[in-house]
Amino acid sequence: MPIPATKYIWFNGKLVPWEKATVHVLSHALHYGSSVFEGVRAYETPRGPAIFRLRDHTRRLFDSAKVYRINVPFNEDQINHACREVISQNGLARGAYLRPVAFRGYGEAGVVPKIDPPIEVAIAAWEWARYLGAAEDEGVDVCVSSWQRVAPNTIPAMAKAGGNYLSSQLIGLEAKRLGFVEGIGLSTDGTVSEGAGENLFLVKDGVMYTPGVAHSLLAGITRHTIMTLAKEAGIEVREIAIPREMLYMADELFFTGTATEVAAIRSVDAIQIGNGKRGPVTAKLQAAYFGLVQGKTQDKHGWLDYVDMSAPRAVVAS
Ligand code: PMP
């Protein structure tokens, strides 16, 4: 299924018709992976649509850009405002997945030309179901990939750049080829890193474990949300180096991510995890997560950014 089109994409400061948000084939990012991006979700709540942790996502976009010396020609407030506009002007009241992206565009040739190519920024949004599919509630079958994640001080894993997803593609493609839903990457020291597009949590004897950010992973915003919700529920969370075998010995395993949300894992490399079903800690945190993002429980941390759907029609560039 191709991405379901909405009316407008915000592109370099203006809303343009979906089909007109195009770039030149010689854009720097297309050849050299020089884009930074975010995946953000908006949810339907009793008070209208709300974007979950929008400011944190935008902050991370600018942090990623900083590492690659990409000077985004907008400030964070402008990007946040644009994200809200993309939801309201497309009438996405039932929620959506937002994709802000900033990239080196069409300019001089070369990896590092004398004059930096212009930085282009786009924000699209569309309705997107849960990333790993409906089986999430029962748990998905995953494998450990033969491909490792990038080594520290090679490609920075904490910067969410387009080029990083070559590693994710290798891991994900191998997993699918072998009949698994997703693959887990190990760090170069052989300890657990993360899924191709998700962070990973393990539960053993009532304690939650997840690899620390030095293990070549994206410091997921959902990861942080889940760690916060776990602590609030009185569950101990430890960030440690996780040996591969600890995956197989876990009582529960689950993925977290904006697109994935909270997805139980029922087997790794065809070894059953726990009783082969979503475990109680996973179920509890999944319920807490959906309660929060859907505005059904108290938003203690001010993480919901409500979108005014009655905002006046914006001017659309042709
Ligand atoms: N790791 C990788 C490689 C990802 O692509 C994602 C999805 N952005 C995550 C982790 C989860 O991050 P977040 O919770 O911020 O979406």
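Residue numbers for the sequence shown follow the working numbering, beginning at 13 and rising by one. From the three backbone atoms N, C-alpha and C, an ideal C-beta is built for every residue, glycine too.
Residue range of the unbroken alpha helix (DSSP H) whose run includes residue i
i    : result
A2   : Because the chain here runs from 13 to 330, residue 2 falls outside it and cannot be looked at.
L332 : Residue 332 lies beyond the stretch modelled for the chain, which goes from 13 to 330, so this question has no answer here.
Proximity to residue i [Cα-Cα], best of the options
i    : options                : result
R250 : T270, V305, H69, D217  : D217
E172 : H227, R142, D75        : Per the sequence shown, the amino acid found at residue 172 is Lys instead of Glu. The candidate whose alpha carbon is nearest that of K172 is D75.
E88  : E50, E56, E194         : E50
F266 : V319, M258, A275       : A275
I131 : L66, F86, N102, L241   : F86
T57  : A323, G232, W315, V84  : W315
A282 : H236, P324, M261       : M261
M258 : Q284, E273, I238, A242 : Q284
R59  : M220, H313, K308       : K308
G25  : I135, Q298, T268, R142 : I135
R290 : R325, A169, F213, D201 : F213
C95  : R235, L38, W138        : W138
I238 : V84, V319, T272        : T272
G269 : R53, E248, R67, P164   : R53
G119 : R161, Q160, H40, H93   : H40
L230 : E248, W140, S205       : S205
I82  : A121, L110, P129, I63  : P129
V79  : Y109, S47, D68         : S47
G236 : P292, R142, H69        : In the sequence as presented, Gly is not what sits at residue 236; that position holds His. It is H69 whose Cα lies nearest to the Cα of H236.
Whole-Å CB distance - residue i paired with residue j, under 8 Å assumed
i    : j    : result
N176 : I167 : 6 Å
A253 : P223 : 7 Å
V156 : Y44  : Going by Cβ atoms, the distance from V156 to Y44 rounds to 30 Å, so no, they are not a contact pair.
A105 : P61  : 5 Å
I91  : L73  : 7 Å
M220 : A242 : 6 Å
G103 : W159 : At roughly 41 Å, the Cβ-Cβ gap does not stay under 8 Å, so G103 and W159 are not in contact.
T294 : E264 : 5 Å
L110 : I63  : 7 Å
Burial state of residue i (16 or more Cβ within 10 Å)
i    : result
G207 : buried
T34  : exposed
P112 : buried
Q310 : exposed
D1   : For the chain, the structure presents residues 13 to 330; residue 1 sits outside this window and is missing.
G202 : exposed
E31  : exposed
H313 : exposed
Q298 : buried
H36  : exposed
I233 : buried
N211 : buried
G145 : exposed
L190 : exposed
Minimum Cβ-Cβ distance from residue i to chain B less than 8 Å
i    : result
T272 : Absent from the structure: chain B. Only one protein chain is present.
Host beta strand (DSSP E) of residue i (start-end)
i    : result
V317 : Inspection of the sequence shows that residue 317 is occupied by Asp rather than by Val. Its beta strand (DSSP E) spans residues 316 to 318.
T268 : 264 to 269
K26  : 26 to 29
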